[in-house]
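In the working numbering, the protein residues as written are 8 to 582.
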């Protein structure tokens, strides 16, 4: 009864239906089966159809009927009330092929119409599908992608670093990862994507990725970040010592240039995602300041921030410092936690990673890949959960060319990158920083300095600052230290001798000549300077305003020099 009812029900889903018991004997089949195949009720189905036994038979087989057509047989198991049945469905192979072709056409049309980007690659890494949404995301064309290996189509990574290949090998999907896939019309395209393996009959056949453009979400996030930066975060001139090992937040980054604002937005956006970061910038540009700010802006802010300069620790100590040791690993070794463990759920900052020895670079690759470490002297592994921020003061591509940085390490740590331009390329920020450092140094040293003279300003603005912000801070500190307690302006005379010699080098002669030609007030030593000011004031009946205009300086600066040089006005005039 069950076999009959089940067979009649399934007749709506297949051309021909056979129901057999767990001994392979036919219990029921529709009338058309007898016309096509030599089968009787109670007879062994697989023997009658010249097929392998049920235990050896594949789930899908091809057999020929009396009408000389090929039929596809699909076998399914069914159990009810302790009765085991076999369901055999037969469909004309030609009709099945047509249906499958129709399905493929429909599937591809659906995929091409989706708003999400789709990339499908086979087991060899060749692109099988690249839909229109992915074209918009990456600025590529289907004809440029389909049929090519992923690494050839994208032209920027080693086959060993292909995420699709890694998903294929591990059979583990990558869920909700964030990255920048391309830059179209000078606008980065932030993408959130997931990659999944396609497995059939325990065989990994292909991998596909689904990508979503996060540009509009990022735009809203940037606006929110800007509001938070300008309103919520209080302004301060002093370092705030936090309880997580940091002293800086994004509020400590001073500047007004579009380039800096863009970098801050990128860094704040990075902070909201759980991804490792590479910060590239010259010495003194503030790489650790950005690293600490990213940490304090992220969900990890309550966890430790641990920093290490890879160039400052000898090679034989760096490994044990990073990974830790167990007692007996070497003479004098004790059970000691490494920095990866010490960082816990926080952030480990690897400064000057380009100075890390090649052997340690290879170990770091494994750590980044597997997220686990081994202490020196043991085979047991310890999972790590910290975010890793790396920094390099040299161009990574040149480091790779000179074999100072492994390319496979670079591609792993540079999955998300932040490039900080040098100070000489951000003149607007230089002006802000000069004012900021004058104010902070004056408060610290209890001076009354408000600004600097035009001549000194021109020198500082035209200098190339190889030491960047760090060098600028030191120079301003030196200027304020050398200023008198009643000085309100910093001038070239406040420069320490070694800085005077340096600034007056051949590199800066053109600047000095320009300022001297427009500023006669500073073109001579003090006695001649005093005489020049005295004569100018007398020629305009001691009008400070007119004299300042003639001397090419400000009224405030001229009054400063009158007091400094002890020039007396014995008549009356505009003071």
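Here a beta-carbon is modelled for each residue, glycine too, at the ideal position from N, C-alpha and C.
* Asked: Mind checking whether residue 146 and residue 133 have CB atoms under 8 Å apart?
  -> no
* Note down the Cα distance separating residue 219 from residue 450, rounded to an integer number of angstroms. => 50 Å
* **Which of helix, strand or coil DSSP assigns to residue 35** => Three-state DSSP puts residue 35 in a strand.
* **Under the three-state DSSP convention, the category residue 436 falls into** => helix
* How long is the line joining the alpha carbons of residue 83 and residue 95, rounded to whole angstroms? -> 7 Å
* To do: Would you list, in sequence order, the uninterrupted alpha helix (DSSP H) runs of no fewer than 4 residues that lie entirely inside the region 319-384?
  => The qualifying runs are 322-330, 346-349 and 365-377.
* Nearest to residue 203 (by Cα), restricted to the options 304, 260 and 215 -> 215
* To do: Consider the Cβ of residue 482: report whether some Cβ of chain D lies at a distance smaller than 8 Å.
  => Chain labels in this structure do not include chain D; a single protein chain is all it has.
* Asked: Are the beta-carbon atoms of residue 312 and residue 279 separated by less than 8 Å?
  -> no
* Identify every residue that forms a DSSP beta bridge with residue 77. => 71
* Whole-angstrom C-beta distance between residue 315 and residue 383, which should lie under 8 Å -> 16 Å between Cβ atoms; not a contact.
* Per-residue DSSP class, three states only, for residue 204 -> strand
* Asked: Apart from the five residues on each side of it in sequence, which residues of its chain come closer than 6 Å, Cβ to Cβ, to residue 544?
  -> Excluding residues within five positions, the ones whose Cβ falls inside 6 Å are 554.
* **Buried or exposed by the 16-neighbour rule on C-beta atoms within 10 Å, applied to residue 272** => Buried is the call here.
* To do: Return the CA-CA distance between residue 520 and residue 285, expressed in angstroms with no decimal places.
  => The pLDDT assigned to residue 520 is 46, lower than 50, so where the model puts this residue is not dependable; a value taken from the coordinates is nonetheless given after this. The straight-line gap from Cα to Cα measures roughly 43 Å.
* Asked: What did DSSP end up calling residue 498 once you bin it into helix, strand or coil?
  -> Residue 498: coil per DSSP, three-state reduction.
* Asked: For residue 448, which residues from the same chain have a beta carbon less than 7 Å from its beta carbon, with the 5 sequence-adjacent residues on both sides left out?
  -> 483, 484 and 487
* Within the present structure, is the beta-carbon of residue 481 separated from the nearest heavy atom of the ligand SAM by less than 7 Å? -> In the structure on display, the ligand SAM does not appear, and there are no ligands present to speak of.
* Asked: On the three-pair Cβ rule with 8 Å, is the region 362-376 touching the region 250-267?
  -> no
* Asked: Straight-line CA distance for residue 160 to residue 422?
  -> A direct Cα-to-Cα measurement between residue 160 and residue 422 gives close to 18 Å.
* To do: Below 7 Å CB to CB, which residues in the same chain sit around residue 211 once its five sequence neighbours on both sides are set aside?
  => By the criterion of a C-beta distance shorter than 7 Å, residue 211 is surrounded in its chain by 130, 175, 178 and 204, once the five residues flanking it on both sides are discounted.
* Which term fits residue 20, buried or exposed, when burial requires 16 or more other beta carbons within 10 angstroms of its beta carbon? -> exposed
* To do: Drop a sphere of 10 angstroms on the beta-carbon of residue 27, count the other beta-carbons inside from all chains shown, and report buried for 16 or more, exposed for fewer.
  => buried
* Classify residue 184 as helix, strand or coil using the three-state DSSP reduction. => strand
* CA-CA distance, residue 200 and residue 181? -> 8 Å
* Mind checking whether residue 458 and residue 445 have CB atoms under 8 Å apart? -> yes
* To do: Classify residue 41 as helix, strand or coil using the three-state DSSP reduction.
  => helix
* **CB contact flag (residue 379, residue 360, <8 Å)** => no
* **Collapsed DSSP secondary structure at residue 317 in the structure displayed** => coil
* Touching by the beta-carbon criterion (3+ pairs, under 8 Å), the region 323-331 and the region 343-353 -> yes
* To do: Helix, strand or coil for residue 241, going by three-state DSSP, please let me know.
  => Because the pLDDT at residue 241 is just 40, under 50, the model does not fix this residue reliably, and the point stays unresolved.
* residue 242 versus residue 258 - alpha carbon distance -> Confidence in residue 242 is poor, its pLDDT being 41 and thus under 50, which makes the residue's placement unreliable; the coordinate value appears in the next sentence. A direct Cα-to-Cα measurement between residue 242 and residue 258 gives close to 7 Å.
* Asked: Does DSSP classify residue 427 as helix, strand or coil?
  -> coil
* Which two residues bound the contiguous alpha helix (DSSP H) that contains residue 403? -> 403-408
* In terms of residues, what are the limits of the beta strand (DSSP E) holding residue 126? -> 124-129
* Closer than 6 Å by C-beta to residue 397: which residues in its own chain qualify, once you throw out the five before and the five after it? Chain order, please. => 285, 357, 360 and 420
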